[in-house]
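Novice: Dropping a structure here in structure tokens format, bear with me for questions.
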Ligand code: UD1
């Protein structure tokens with residue numbers, strides 16, 4: 037198979053870190069991104085780390101004719117890692133059709149092109165949100181998929197179903213869905229990281245923005261959950277570990293080691309951390325006190341979710357290497373850098 041890989045959303049948070057790891061492993065990368073939630077400057081960071089410039093095409097994948105033109109131009113693309121999607125849970129409740137068009141319409145267009153090829157590999161960004169509140173911890177891949185709490189969550193469930201159905205009748209297509217737990221952090225070079233637009237909805241960017249003085253105070257959403265300290269538990273995983281798992285998954289498909297042509301893996305560390313433990317980690321690595329208060333629960337939050345990582349460890353030969361402190365430290369270093377940059381560029 038050609039080692040030219042399309043990375044949709046390759047300028048985004050997880051996408052950009054994955055492009056770096058792909059280039060480090062000798063893959064040739066073509067990024068497609070519409071920069072709706074990223075900037076072209078991310079390319080500079082990728083080049084600074086790897087010394088290589090990926091191909092870059094800026095367009096919106098919702099334009100089906102552009103998707104077709106892309107695959108005609110890059111007819112030697114042998115695989116796709118598909119990150120491009122909308123990911124704000126609240127926004128998806130307000131605007132479900134945007135989510136269905138962006139996250140499912142685009143998926144269909146790409147699969148239509150891939151199924152025209154003699155063989156192709158496809159990696160899909162799924163989420164632990166498909167498990168809802170799982171009955172047992174840690175969560176294994178065969179835990180039941182629970183009804184989605186939001187259109188966003190539904191796009192991940194339905195996205196997996198679409199790929200599974202398409203793979204069933206297209207044996208030349210091989211796909212892996214990676215169910216992310218909570219990716220955080222930034223590249224250790226400090227050249228790329230997360231760039232949330234507006235008020236961050238996710239915990240770690242909200243903490244680092246509060247630490248740097250951009251936000252007044254973090255609200256801890258609920259301290260009366262049935263957990264040791266009363267706050268919710270998640271499996272926070274360094275984004276570089278997540279990126280490396282994509283390369284391992286792609287290698288598996290490229291080398292034809294997959295047992296079925298649609299497989300699913302959890303991407304987590306296997307360790308759950310409470311919101312208060314993440315705050316303590318931040319205070320430890322930054323030496324700063326975080327201003328926070330306990331607020332009411334957030335609708336839709338599950339009590340706890342952490343991964344059983346054995347399948348990914350054994351089958352992909354991959355494991356998360358970074359600790360929570362490593363990941364939070366990298367997120368903090370990145371936050372300080374981008375705020376300094378903003379100060380000097382105004
Ligand atoms: C959320 C989504 C998940 C999605 C992921 C993608 C929900 C219910 N889940 O994951 O489907 O795949 O984002 O980005 O929205 N917290 C606070 N204060 C804050 C922010 C968060 O206490 O200001 C707490 C939350 O209650 C939660 C934990 O921190 O317990 C992690 O929250 P977050 O980073 O938003 O991730 P998830 O909710 O796990």
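Numbering (the numbering used here), first residue to last: 37 to 382. Quick reminder that beta carbons are idealized off the backbone N, C-alpha and C, glycines included.
#1: Give me the Cβ distance between residue 264 and residue 352, rounded to the nearest whole Å; I'm assuming they're in contact under 8 Å.
#2: Below 7 Å, is the gap between the Cβ of residue 270 and the nearest heavy atom of ligand 1?
#3: Suppose you measure from the CA of residue 259 to the CA of residue 304; what does that come to, to the nearest Å?
#4: How about residue 65 and residue 41: do their beta carbons lie closer than 8 Å?
#5: Taking C-alpha atoms, which residue in 355, 378, 84 and 340 lies nearest to residue 276?
#6: Is there at least one non-hydrogen atom of ligand 1 closer than 7 Å to the beta-carbon of residue 263?
#7: Any C-beta of chain D sitting closer than 8 Å to the C-beta of residue 81?
#8: Any idea if residue 361 is buried or exposed, counting beta-carbon neighbours within 10 angstroms, 16 or more meaning buried?
#9: With hydrogens ignored, establish whether the beta-carbon of residue 188 is closer than 7 Å to any heavy atom of ligand 1.
#10: Which same chain residues, not among the five before or five after residue 197, have their C-beta less than 8 Å away from its C-beta?
#11: Could you check if residue 275 belongs to the surroundings of ligand 1, using beta carbon to heavy atom distance under 7 Å?
#12: With a Cβ-Cβ cutoff of 8 Å, do residue 146 and residue 286 count as a contact?
#13: Which residue or residues does DSSP assign as beta-bridge partners of residue 68?
#14: Could you give the C-beta distance for residue 63 and residue 39, rounded to a whole number, given that I count them as a contact under 8 Å?
#15: If you draw a straight line from the alpha carbon of residue 215 to that of residue 251, how long is it in whole angstroms?
#16: What are the start and end residues of the alpha helix (DSSP H) that includes residue 195?
#17: Give me, in chain order, the residues of the same chain whose beta-carbon lies closer than 6 Å to that of residue 229; leave out the 5 immediate sequence neighbours on both sides.
#18: Count the CB pairs spanning the region 238-258 and the region 323-338 that are closer than 8 Å, and state whether there are at least three.
Specialist: According to the structure data:
#1: Residue numbering aside, residue 264 sits at position 228 when the chain shown is read from its first letter. Residue numbering aside, residue 352 sits at position 316 when the chain shown is read from its first letter. That belief does not hold up - the Cβ atoms of residue 264 and residue 352 are roughly 31 Å apart, past 8 Å.
#2: The sequence position of residue 270 within the chain shown is 234, counting from 1. Within the cutoff, so yes.
#3: Within the chain shown, numbered from 1, the residue matching residue 259 stands at position 223. Within the chain shown, numbered from 1, the residue matching residue 304 stands at position 268. Cα to Cα, the separation comes out at about 24 Å.
#4: Numbered from its first residue, the chain shown carries residue 65 at position 29. Numbered from its first residue, the chain shown carries residue 41 at position 5. Against a cut-off of 8 Å, the Cβ pair of residue 41 and residue 65 comes out as a contact.
#5: The residue given as residue 276 occupies position 240 in the chain shown. Residue 355 is the option with its Cα nearest to residue 276.
#6: Locating residue 263 in the chain shown gives position 227, where the first residue counts as 1. Not under cutoff, so the answer is no.
#7: The structure shown contains no chain D, having only a single protein chain.
#8: Your numbering for residue 361 matches position 325 in the chain shown. Answer is exposed; the Cβ neighbour count stays below 16.
#9: Residue numbering aside, residue 188 sits at position 152 when the chain shown is read from its first letter. Indeed, a heavy atom of ligand 1 lies less than 7 Å from the Cβ.
#10: Against the chain shown, residue 197 aligns to sequence position 161. Nothing listed; no residue qualifies.
#11: Working through the chain shown from its first residue, we reach residue 275 at position 239. No, ligand 1 has no heavy atom inside 7 Å of this Cβ.
#12: By one-based count along the chain shown, residue 146 stands at place 110. By one-based count along the chain shown, residue 286 stands at place 250. It is not a contact, given that the beta carbons lie outside the stated cut-off.
#13: Here residue 68 refers to the residue found at position 32 when the chain shown is read from its first residue. According to DSSP, which records beta bridges pairwise, residue 68 is partnered with 44 and 93.
#14: Numbered from its first residue, the chain shown carries residue 63 at position 27. Numbered from its first residue, the chain shown carries residue 39 at position 3. Right, the Cβ-Cβ distance comes to about 5 Å (below 8 Å), so this counts as a contact.
#15: Within the chain shown, residue 215 is the residue found at index 179, counting from 1. Within the chain shown, residue 251 is the residue found at index 215, counting from 1. Distance between the alpha carbons of residue 215 and residue 251: 30 Å.
#16: As a working mapping, residue 195 is identified with position 159 in the chain shown. Here the alpha helix (DSSP H) through residue 195 covers 187-205.
#17: By 1-based counting over the chain shown, the position of residue 229 is 193. If we look at residue 229 and ignore the five residues flanking it on each side, its Cβ neighbours are 222 and 370.
#18: yes
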